[in-house]
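In the order they appear, the protein sequences are chains G and D. Taking this note's numbering, the leading residue of the first sequence gets 1, the next gets one more, and so forth. Taking this note's numbering, the leading residue of the second sequence gets 1001, the next gets one more, and so forth. The beta-carbon is built from N, C-alpha and C at its ideal position, and this holds for glycine as well. Here the structure comes first, spelled out in structure tokens, and everything after it is commentary.
Number of protein chains: 2
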Amino acid sequence: MTGGGLGEFELIRRYFARAGARPGAGSTILGIGDDAAVLRLPAGHDLVAAVDTIVAGRHFLRGSDPRSIGHRALAVNLSDLAAMGAIPAWATLALTLPAADPDWLEGFAAGFFDLAREHGVELVGGDTTAGPLAISVQILGAVPAGEGLRRSGARPGDLIAVTGTLGDAGAGLEVARSPQRAHDAHARALLRHYEFPAPRVAFGRAVRGIASAAMDVSDGLAGDLAKLAAASGVAAAVDVERLPLSAALRATASPDQALDQALGGGDDYELVLAVAPAAASRLAAAAAGTATPVTVIGEFLAGEGVRWTRGGRSYVPARGGFDHFAGASTQFTD
Amino acid sequence: MTGGGLGEFELIRRYFARAGARPGAGSTILGIGDDAAVLRLPAGHDLVAAVDTIVAGRHFLRGSDPRSIGHRALAVNLSDLAAMGAIPAWATLALTLPAADPDWLEGFAAGFFDLAREHGVELVGGDTTAGPLAISVQILGAVPAGEGLRRSGARPGDLIAVTGTLGDAGAGLEVARSPQRAHDAHARALLRHYEFPAPRVAFGRAVRGIASAAMDVSDGLAGDLAKLAAASGVAAAVDVERLPLSAALRATASPDQALDQALGGGDDYELVLAVAPAAASRLAAAAAGTATPVTVIGEFLAGEGVRWTRGGRSYVPARGGFDHFAGASTQFTD
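Put into structure tokens, the structure is as follows:
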């Protein structure tokens, strides 16, 4: 590093030297400051790893609250761990940003580390590079060996359950695009769902051994449920009248618009699960124990594809899945 | 995903579904295709994790051979594992690229996976996003518990040793900027050092229990040795006449230019080590056993800072460290 760059990027280093929280699982042998971090998993546990990148203008609006960007960069990864039933422990952060704006960095770091502390995530490595704003977070966690939840375990006859409510974040993104709407309390509630999603980490851990399959709903239920069904080699049948919709969404959108957001809006970071009917009471106990609303919306069947109905009639979702603003994003690990 | 984006990014998915090699350590319980990967470390081993991002126009020239970009994106991370004495096992890849050019992707994937196979690295996750070209790789490996090499273990009296030759990559970058020079065999050799660095993974593993400290030389020896000395709380004394310089560098640069590249050029991805004199014969055996040239260039002393000499007189390196083209890059983990 030379010249003015040194001061700017030394500043950034200070923001991220806080390192977050003690890991929720395992222990940190060597954290930030060497060529690599050295991390110890708890005995009898497997490592769970995921990565997600969010890019300005694609995964968040340019000019977004930096606290929301920091929160979401970690939240989307925590949601992947939640879907595996894993315990979060560590993260690395690759931050590309056009300039070292102290106010922006302060907000970003606050959003990132507030969520990190909540979930026991320690930042153990990363780098910062000048360039167009993009954030890659890799998350590392632990799961008791052999107990990780997968997409592939759903069986015919299993119930389809989802956490929370669907469509709020998609509707919240519309609010973010039309800030004049944020005077309304319902609109603000939707915006908050979009800006500060709450990944279902505790619930994911609680349904290990109860759910036969799980996946996070990040790209809209229509596309994500189709992926889960395909990974399990089963069909799914859902009555869209059973989808859990918030009061805020019902108050601010027509029934058709609300369904469109719930099925295709994306960014909800809820979980969709397969649960055998015999495990339904244990599912209810896990939901109660983690204060997580859970709704049964249909069932898995022999066959393939998803059969959507509305009041007994066939229904075709308007969108297949969240388009990340422009249709040009894919994940090897979804 | 919608419209034309689907086809393009499905194409990309195919390039990376190859997944590379079987992991060099541990086993893959669940690879690409779920919300996260599930990975099992060998018993008695710690996890070693590092991340590095390379950005077009900053860490590589725009228009570079995509095979070189794919190679270097992984090599810079393998070099971090080498410096810890770790065994590589898995990687995740966050790829941001402006368009899905099949020729570019073919070259990038070939460069990435050729090196992955050589070092036993399996690709277990990642995502691809449309945007300005940037590549983040996180590498995961294993080290026997408590045996990882660190920067902080150098003691007064330890020898300072470096692998390979220094300055070739920095000089190779100059060749890349002046392609007309590549008609010369020496210039082509330097260019190859820059484009296809060979991380010292086998040697790093071989010097566990022999070296008292280690670090990779990625930003130029002058800056990196100063960091290692500071992390260990010792001083270092180096006679720059002892620096290992290749025949190609000597043939194409003046003595002053060659020293400048060796001390400040960056991108060499060699290792710098501290070794107690009593362990020197074991160091030589590790070097011979892994066919790795090793040169002793000085020693660590009580105190702080690096004392550079040239033929008995004090010497001041022209550059403190590699500037990544523009001075705006920092790593929490270096």
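CB-CB length for residue i against residue j, believed under 8 Å
| i | j | result |
| --- | --- | --- |
| Val1207 of chain D | Leu1123 of chain D | Not a contact, Cβ separation roughly 28 Å. |
| Gly1126 of chain D | Ala1094 of chain D | 6 Å |
| Thr1092 of chain D | Gln1138 of chain D | 5 Å |
| Ala1145 of chain D | Asp1046 of chain D | 5 Å |
| Arg319 of chain G | Leu263 of chain G | 7 Å |
| Asp1216 of chain D | Leu1271 of chain D | 6 Å |
Cutoff 7 Å: residue i Cβ touching any chain D Cβ
| i | result |
| --- | --- |
| Pro277 of chain G | no |
| Leu34 of chain G | According to the sequence displayed, residue 34 of chain G carries Asp and not Leu. Asp34 of chain G counts as touching chain D. |
| Leu47 of chain G | yes |
| Val38 of chain G | yes |
| Thr53 of chain G | yes |
| Gly126 of chain G | yes |
| Arg14 of chain G | no |
| Arg151 of chain G | yes |
| Thr96 of chain G | yes |
Any chain G beta carbon closer than 7 Å to residue i
| i | result |
| --- | --- |
| Thr1355 of chain D | Nothing can be reported for residue 1355 of chain D: it is not among the residues displayed for chain D, which extend from 1001 to 1334. |
| Pro1144 of chain D | no |
| Ser1027 of chain D | no |
| Ala1274 of chain D | no |
| Ala1302 of chain D | no |
| Thr1163 of chain D | no |
| Arg1072 of chain D | no |
| Ala1083 of chain D | yes |
| Asp1158 of chain D | no |
| Thr1252 of chain D | no |
Partner residues on chain G for residue i, Cβ-Cβ distance less than 9 Å
| i | result |
| --- | --- |
| Gln1180 of chain D | Here the premise fails: no neighbours, minimum Cβ distance about 28 Å. |
| Arg1022 of chain D | Ordered by position in chain G, no residue passes the 9 Å Cβ test against Arg1022 of chain D, which lies about 16 Å from the chain. |
| Asp1260 of chain D | Those do not exist, as Asp1260 of chain D stays about 14 Å from chain G at its closest Cβ, beyond 9 Å. |
| Leu1078 of chain D | Under the 9 Å cutoff, chain G gives no residues; its nearest Cβ is about 11 Å from Leu1078 of chain D. |
| Arg1058 of chain D | Thr129, Ala130 and Gly131 |
| Leu1041 of chain D | Leu41, Asp46 and Leu47 |
Length of the line joining the Cα atoms of residue i and residue j
| i | j | result |
| --- | --- | --- |
| Phe1060 of chain D | Val38 of chain G | 29 Å |
| Leu159 of chain G | Ala284 of chain G | 13 Å |
| Arg242 of chain G | Pro277 of chain G | 17 Å |
| Ala1073 of chain D | Ala222 of chain G | 35 Å |
| Tyr315 of chain G | Gln261 of chain G | 15 Å |
| Val238 of chain G | Arg192 of chain G | 28 Å |
| Leu1149 of chain D | Met1084 of chain D | 4 Å |
| Arg250 of chain G | Ala226 of chain G | 25 Å |
| Ala1182 of chain D | Arg1151 of chain D | 37 Å |
| Ile54 of chain G | Glu1106 of chain D | 24 Å |
| Asp338 of chain G | Ser136 of chain G | Residue 338 of chain G falls outside the range modelled here, since chain G spans only 1 to 334, and no answer is possible. |
| Ser68 of chain G | Ala1171 of chain D | 43 Å |
| Ala1253 of chain D | Ala1302 of chain D | 35 Å |
| Tyr1194 of chain D | Leu1173 of chain D | 6 Å |
Own chain residues within Cβ distance below 6 Å of residue i, not counting five before or after
| i | result |
| --- | --- |
| Gly1024 of chain D | Ile1087, Pro1088, Ala1089 and Gly1120 |
| Val1296 of chain D | Leu1159 and Ala1161 |
| Gly141 of chain G | Val48, Leu81, Ala86, Ile87, Pro88 and Ala89 |
| His1071 of chain D | Gly1111, Leu1115 and Phe1196 |
| Val234 of chain G | Ala154, Pro156 and Phe300 |
Neighbouring residues, chain D, relative to residue i (Cβ below 7 Å)
| i | result |
| --- | --- |
| Pro132 of chain G | Gly1131 and Pro1132 |
| Asp103 of chain G | Ordered by position in chain D, no residue passes the 7 Å Cβ test against Asp103 of chain G, which lies about 19 Å from the chain. |
Other residues of its chain near residue i: CB distance less than 8 Å, five sequence neighbours each side excluded
| i | result |
| --- | --- |
| Pro1098 of chain D | Ala1130, Gly1131, Pro1132 and Leu1133 |
| Gly1289 of chain D | Ala1206 |
| Ser218 of chain G | Val76, Ser79, Asp224, Gly266, Asp267, Asp268, Tyr269, Phe322 and Asp334 |
| Ala1230 of chain D | Glu1304 |
Chain-ordered chain D contacts of residue i [CB-CB under 8 Å]
| i | result |
| --- | --- |
| Val234 of chain G | The contacting residues do not exist; Val234 of chain G stays about 16 Å from chain D at best. |
| Ala75 of chain G | Result: empty, since nearest Cβ-Cβ is about 14 Å, beyond 8 Å. |
Sequence-distant residues of the same chain with beta carbon closer than 7 Å to residue i, five excluded per side
| i | result |
| --- | --- |
| Ile29 of chain G | Val38, Leu39 and Arg40 |
| Ala1280 of chain D | Leu1159 |
| Ala248 of chain G | Asp168, His186, Ala189 and Leu190 |
| His324 of chain G | Low confidence applies to His324 of chain G: its pLDDT is 41, below 50, so where it sits in the model is not reliable, and the reading given next is rough at best. So the list reads Arg58 and His59, once near-sequence residues are dropped. |
| Lys1201 of chain D | Before going further, note that residue 1201 of chain D is Val rather than Lys in the sequence given. Cβ neighbours of Val1201 of chain D beyond the five flanking positions: Leu1078, Leu1081, Ala1082, Pro1088 and His1119. |
| Pro1317 of chain D | Ala1222, Leu1263, Gly1264 and Trp1308 |
| Val1175 of chain D | Arg1181, Ala1182, Ala1187, Leu1190 and Leu1191 |
Neighbour list for residue i in chain G, Cβ cutoff strictly below 7 Å
| i | result |
| --- | --- |
| Thr1092 of chain D | Ala49, Val51 and Gln138 |
Proximal chain D residues relative to residue i, where beta-carbon distance stays under 9 Å
| i | result |
| --- | --- |
| Gly148 of chain G | Ile1029, Leu1030, Asp1034, Ala1036 and Val1038 |
Partner residues on chain G for residue i, Cβ-Cβ distance less than 8 Å
| i | result |
| --- | --- |
| Asp1216 of chain D | Asp35 |
| Ala1086 of chain D | Ala36 |
Cβ of residue i within 7 Å of any chain C Cβ
| i | result |
| --- | --- |
| Ala1171 of chain D | Here chain C cannot be found, since the structure's protein chains are G and D. |
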